[in-house]
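Numbering (the working numbering), first residue to last: 16 to 116.
Even for Gly, the Cβ is constructed at its ideal location relative to N, Cα and C.
Quick caveat, the model's predicted, so the values are computed rather than measured.
Following: one structure in structure tokens, then a few remarks.
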Amino acid sequence: MNQFEQTLQPLAHKTLAEKLYLVRFKTDTESHLKVDPEKCKPCKDKDCIYICPAEVYKLDEKENIVISYEACLECGTCRIACEFIEWRNPKGGYGVCYRYG
């Protein structure tokens, strides 16, 4: 087993929720994710909800997208899944700041 594999081994048997708990954030008051609700409403697939590993995108009771940008892992997957998501890097010093383990 090489050094890289040894580093990852403690995480190998953890659930996604346990792994996400290890991520620490410094949250800005302004979201780095923006979605135009009018472009979002006619979307039938809502890929952003299913593709985001941090479950940042959810539907409220009126089927509107709610964005919990504070939990964003900054992977950028959502902007690939949906052309209507405006994704920017968080301002300097904000966003994902440390991953324990």
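Candidates Trp102, Val50, Asp43: closest to Glu85 by CA position: Working through the sequence shown from its first residue, we reach residue 85 at position 70. The shortest C-alpha separation from Glu85 is found at Asp43.
Start and end residues, alpha helix (DSSP H) containing Lys49: Position 34 of the sequence shown, counted from the first residue, corresponds to residue 49. Premise fails: Lys49 lies in the beta strand (DSSP E), 48-50, not in any alpha helix (DSSP H).
Among Ser83, Ser46, Pro52, the one whose alpha carbon lies nearest that of Lys77: As a position in the sequence shown, residue 77 is number 62, starting the count at 1. Checking every option, the nearest Cα to that of Lys77 belongs to Pro52.
My output table needs one value for Arg94: the three-state DSSP class, helix, strand or coil. One-based indexing of the sequence shown puts residue 94 at position 79. Helix at Arg94.
Who pairs with Glu78 in a beta bridge, going by DSSP? Translated into the one-based positions of the sequence shown, residue 78 becomes position 63. Partner(s): none; Glu78 has no beta bridge.
For Lys56, I'd like the list of residues in its chain whose CB is within less than 8 Å of its CB, leaving aside the five on either flank, ordered along the chain. Numbered from its first residue, the sequence shown carries residue 56 at position 41. These residues qualify, in order along the chain: Glu78, Asn79.
Of the choices Lys49, Lys41, Pro68, His47, whose alpha-carbon is the least far from that of Ala32? Here residue 32 is taken as the residue at index 17 of the sequence shown, counted from 1. Of the candidates Lys49, Lys41, Pro68, His47, the one whose C-alpha sits nearest the C-alpha of Ala32 is Pro68.
Return the bridge partner residues of Val111 from the DSSP annotation. To locate residue 111, count along the sequence shown from 1; it is residue 96. DSSP, once it has assigned bridges, lists Phe40 as partnering Val111.
What first and last residue would you give for the alpha helix (DSSP H) that runs through Tyr84? Stepping through the sequence shown from its first residue, residue 84 is reached at position 69. Run containing Tyr84: none; DSSP gives neither H nor E here.
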